[in-house]
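Participant: In the working numbering, the protein residues as written are 24 to 250.
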């Protein structure tokens, strides 16, 4: 639960004994994204044939066997989804048959639909997960056959690329409620956020998802390392 309050009010709630955790809501942003989106679009446009990104090969994604019985649903919690992109799974909004292809939840905080990506990072991440294979376009994702998996989009960051820890948790919770068993979180603390980005509430939340709900969480560990 999120609420706006003064520092004094927050301290009063912390000392009231009525809540397990009361803490400042950290601001989060996408990680691993070029500032110049036009440069990325130009690079993709220059591809003569379908390409396999180095990361797909590096993690041996295509050596993993398919699930024997069920389609895997993956949640991408980010800036949204470019519905209609030629290299991403497509299905009309508000179509019940789309639940096994791509679906999502809109952002109440930013008043934006999940199928709109005014930033680009979310669509980029969805492409890493499941850009369509063997279509002669763009790149290949980890899951290149859209008949064997589905996407659940959590719109947690607005077109400016900003969001909050609470907003991310709410969207992830909704994804899991809708059947997601893998969650992609390519985001992290905003560099201008002056508080402590570590969150007890977030740690407890994600730990419970993993231990109690068998949800695999794939999160960015930073983007400026040397290894």
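Glycine included, C-beta positions come from ideal geometry on N, C-alpha and C.
If you run the structure through DSSP and keep just helix, strand and coil, what is residue 155?
Facilitator: coil
Participant: Quick one, are the C-beta atoms of residue 254 and residue 76 less than 8 angstroms apart?
Facilitator: Residue 254 lies beyond the stretch modelled for the chain, which goes from 24 to 250, so this question has no answer here.
Participant: Please name the residue in 183, 108, 220 whose C-alpha comes closest to that of residue 147.
Facilitator: 108
Participant: When burial is assigned at 16 or more other CB atoms within 10 Å of the CB, is residue 180 buried or exposed?
Facilitator: buried
Participant: Tell me whether residue 166 is buried or exposed, calling it buried when 16 or more other Cβ atoms sit within 10 Å of its Cβ.
Facilitator: Residue 166 is buried by the Cβ-count criterion.
Participant: Ignoring anything shorter than 4 residues or poking outside the segment 67 to 111, list the alpha helix (DSSP H) runs there in chain order.
Facilitator: 77 to 81
Participant: Closest by CA to residue 72, which one among 110, 104, 99?
Facilitator: Minimum Cα distance to residue 72 is reached at 110.
Participant: Keeping to the same chain, check which residues put their C-beta closer than 7 angstroms to that of residue 139; ignore five residues upstream and five downstream.
Facilitator: 103
Participant: Could you give the first and the last residue of the continuous beta strand (DSSP E) run that contains residue 242?
Facilitator: 239 to 242
Participant: By how many angstroms is the C-alpha of residue 235 removed from the C-alpha of residue 136?
Facilitator: 30 angstroms
Participant: So, with DSSP's three-state summary, where would you put residue 190?
Facilitator: helix
Participant: DSSP on residue 212, reduced to helix/strand/coil?
Facilitator: strand
Participant: So for residue 197, helix, strand or coil by DSSP?
Facilitator: helix
Participant: If residue 222 sits next to residue 100, beta carbons under 8 angstroms apart, how far is it from one beta carbon to the other, in whole angstroms?
Facilitator: Incorrect: roughly 15 angstroms between the Cβ atoms, too far for contact.
Participant: Considering just the uninterrupted stretch of the beta strand (DSSP E) at residue 174, what are its terminal residues?
Facilitator: 172 to 178
Participant: With 16 as the cutoff for other CB atoms within 10 Å, does residue 39 come out buried or exposed?
Facilitator: Exposed, since its Cβ has fewer than 16 Cβ neighbours within 10 Å.
Participant: Closer than 6 angstroms by C-beta to residue 159: which residues in its own chain qualify, once you throw out the five before and the five after it? Chain order, please.
Facilitator: Correct list, in chain order: 73.
Participant: Whose C-alpha, out of 190, 84, 207, 149, is nearest the C-alpha of residue 244?
Facilitator: 207
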